[in-house]
Every structure is written in structure tokens, then in C-alpha cells.
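Just below is one structure, and these are the notes that go with it.
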Amino acid sequence: MTKLLILNWKMNPATLKEALSLAKASDYKNVVVAPPFPFLEEVGKVLKKSRLGAQDLFYEEKGAFTGEVSAKELKSVRVKYVIIGHSERRHKFDETDEMVAKKMKAAAENKLIPVLCVGETIEEKNAGKKEAVIERQLKIGLFLYPRPYTLNPFIVAYEPVWAIGTGNPETPESALETIKYIRKILNAKPYTLNPKILYGGSVDSRNLRDYLKYKEVDGALVGGASLKKEEVKKMISYV
Ligand code: PGA
0 MTKLLILNWK
10 MNPATLKEAL
20 SLAKASDYKN
30 VVVAPPFPFL
40 EEVGKVLKKS
50 RLGAQDLFYE
60 EKGAFTGEVS
70 AKELKSVRVK
80 YVIIGHSERR
90 HKFDETDEMV
100 AKKMKAAAEN
110 KLIPVLCVGE
120 TIEEKNAGKK
130 EAVIERQLKI
140 GLFLYPRPYT
150 LNPFIVAYEP
160 VWAIGTGNPE
170 TPESALETIK
180 YIRKILNAKP
190 YTLNPKILYG
200 GSVDSRNLRD
210 YLKYKEVDGA
220 LVGGASLKKE
230 EVKKMISYV
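Per numbering that gives the first Met the number 0, residue 0 is the first one in the sequence shown, and the count goes up by one each step.
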């Protein structure tokens with residue numbers, strides 16, 4: 000299967016000029032570029048080979064929700080993918096599993112490809128709760144509002160919270176085990192779901208290949224390293 004790289008710029012860069020320059024350097028097949036909202040439309044115009052992604056959406060269609068952005072608004076500027084339930088949303092903005100489920104539903108209804116992020120905190124890991132946390136996040140995120148996920152494509156990103164932005168990635172072996180576990184849950188009766196499953200958390204050009212060498216790992220969600228053109232160039236050569 001082709002590997003996928005999702006480049007999550009988070010709240011970077013500061014200007015449209017820098018965003019366009021970075022977008023041009025990231026425009027390759029099998030890449031999704033996810034810039035901040037204000038840059039989506041213009042970045043979308045310079046991307047010829049890669050796809051446009053958003054970092055979040057709000058689940059209501061329209062109305063009095065100051066500061067929020069709907070699935071339809073994202074679609075209107077040609078967004079194809081949307082990251083949902085990123086750990087920074089869950090832990091810095093108190094997003095609950097239920098909110099994540101509503102966002103998944105809104106994305107699916109609007110034919111955006113949702114990238115559902117799951118992963119445990121260091122406390123949960125140390126308490127032996129990793130599997131339970133991931134199972135809960137998956138089941139609520141996907142099945143609280145049953146959607147025809149067998150018809151609509153979606154993606155899962157396994158991102159251990161403690162590995163994000165720390166320079167301390169999960170080992171490839173352990174990430175592989177968790178990705179197999181996720182696949183097992185998604186294939187336990189009555190489900191037979193076969194999404195791409197990515198790893199994320201301190202991925203860069205030095206370690207990317209160690210994850211992608213496993214056929215079970217369908218790609219990576221990259222934060223910090225996606226802001227450096229040289230890093231992007233190297234990483235692209237591995238997908
Ligand atoms: P990181 O971020 O690559 O900087 O660890 C990954 C992510 O947040 O998706």
C-alpha cells in the first residue's frame with residue numbers, strides 16, 4: 000500500500016508568505032498539507048500534487064459559534080482531509096471523546112476524510128491503561144454516531160501524547176504493536192474496517208523509515224519536522 004505523510008503545521012508559520020513557500024516545498028504525491036485556517040485557501044492554490052488538510056473543524060453546520068469553522072466552510076476552500084481529536088485539542092482545549100465523535104460525524108457527512116487521532120498520556124501508559132484508552136477513543140470516536148465508515152474513507156493516527164513534540168518518539172516496534180492492536184479492534188465483529196493507520200510523535204527524516212518499513216504502518220503524521228523544508232524533502236523521498 001502507498002504510504003501517506005500528513006504534515007501538520009499546527010499554529011505555524013506566522014505569515015502567508017512563509018506558508019506559501021513551505022507549501023511549494025511540500026507539494027508531492029502521497030502528502031497532505033495541513034496549514035492553519037487563514038492560509039488554507041491560498042495554500043490550496045499552490046498545491047498541485049499534494050492534498051489540502053485542515054487541523055480541526057466544528058461539528059455544527061452554521062450559526063453563532065464565534066471562532067469556529069464548519070465542515071462545509073472547509074469544503075468550500077477545497078479541503079479534503081481533516082485532523083480530528085488531535086491530542087493538543089483533547090488536552091489543551093479539553094475536547095472530549097463525545098466532541099470528537101460529533102466532529103467525525105460532521106466530517107463524514109460532508110465527505111471530508113477524517114484523521115482520527117488516538118493515543119495515551121504518560122500517566123495512562125505508566126498505569127497500564129494504554130490499550131483501554133485507545134479502545135475507548137476509537138469506539139466513541141467512530142461508533143457513538145454510527146456512520147457508514149465502510150463507505151466513507153477515514154484514517155486513524157496513533158499518536159502517544161508523551162511522544163508529540165518531545166523528540167522522544169515511541170519505538171518503531173512498540174508503535175507497530177499498538178497499530179496492530181488498533182487494527183484488531185477495527186476488525187473485531189461486527190466491524191470490518193480497514194483504514195490507513197499512521198504513526199505520529201516526533202517523527203523526522205532520521206526515524207521515518209524505521210516506522211514505514213513495516214507494512215502495517217501506512218504512513219506518518221508529522222508536526223515539527225514538517226516546518227523545515229530540508230526535512231520535508233528527505234521525508235518525501237521515503238513515501
Ligand atoms: P511532532 O507532532 O511531529 O512535532 O511530534 C506530531 C503531531 O502533533 O501530529
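Using N, Cα and C, we set each Cβ at its ideal position, and we do this for glycine too.
Item	Value
For Ser86, the nearest candidate out of Gly222, Leu19 and Ile178 (CA to CA)	Gly222
Closer than 7 Å: Asn7 CB and nearest the ligand PGA heavy atom	yes
C-alpha distance - Glu172 paired with Met103, whole-angstrom precision	29 Å
Residue closest to Tyr80, alpha-carbon to alpha-carbon, out of Leu56, Arg89 and Ile139	Leu56
Span separating the alpha-carbon of Asp203 from that of Lys179	22 Å
First and last residue of the uninterrupted alpha helix (DSSP H) at Ile133	Lys129 to Phe142
Cβ-Cβ separation, Ala70 to Pro109 (assumed contact under 8 Å), whole Å	Residue 109 is actually Asn in this sequence, not Pro. Confirmed, Cβ separation roughly 4 Å.
Enclosing beta strand (DSSP E) for Lys195 [first to last residue]	Lys195 to Gly199
Ile154 versus Glu97 - alpha carbon distance	18 Å
Close Cβ partners of Pro194 (< 6 Å) along its chain, the five nearest in sequence each way excluded	Phe153, Ile154 and Val155
Element boundaries [beta strand (DSSP E), containing Asn7]	Leu3 to Asn7
For Gly166, three-class secondary structure by DSSP	coil
Ile121 burial status per 10 Å Cβ neighbour count (16 or more: buried)	exposed
Heavy atom of the ligand PGA within 7 Å of Ala224 beta-carbon	yes
Three-state secondary structure (DSSP) of Ala53	strand
DSSP state of Val78 mapped onto helix, strand, coil	coil
Proximity winner among Ser25, Leu143, Tyr27 and Val78, relative to Phe36 (alpha-carbon distances)	Val78
Range of the contiguous alpha helix (DSSP H) that encloses Leu21	Leu15 to Ala24
Ser69 beta carbon near the ligand PGA (any heavy atom closer than 7 Å)	no
Residues near Lys48 by beta carbon distance below 7 Å, same chain, minus five either side	Asp26, Tyr27 and Lys28
Nearest-angstrom Cα separation, counted from Pro189 out to Asn7	33 Å
Start-to-end residues for the alpha helix (DSSP H) that takes in Pro159	Run containing Pro159: none; DSSP gives neither H nor E here.
Nearest-angstrom Cα separation, counted from Tyr198 out to Leu220	6 Å
Counted within 10 angstroms of its Cβ, other Cβ atoms place Pro159 as buried (16 or more) or exposed	buried
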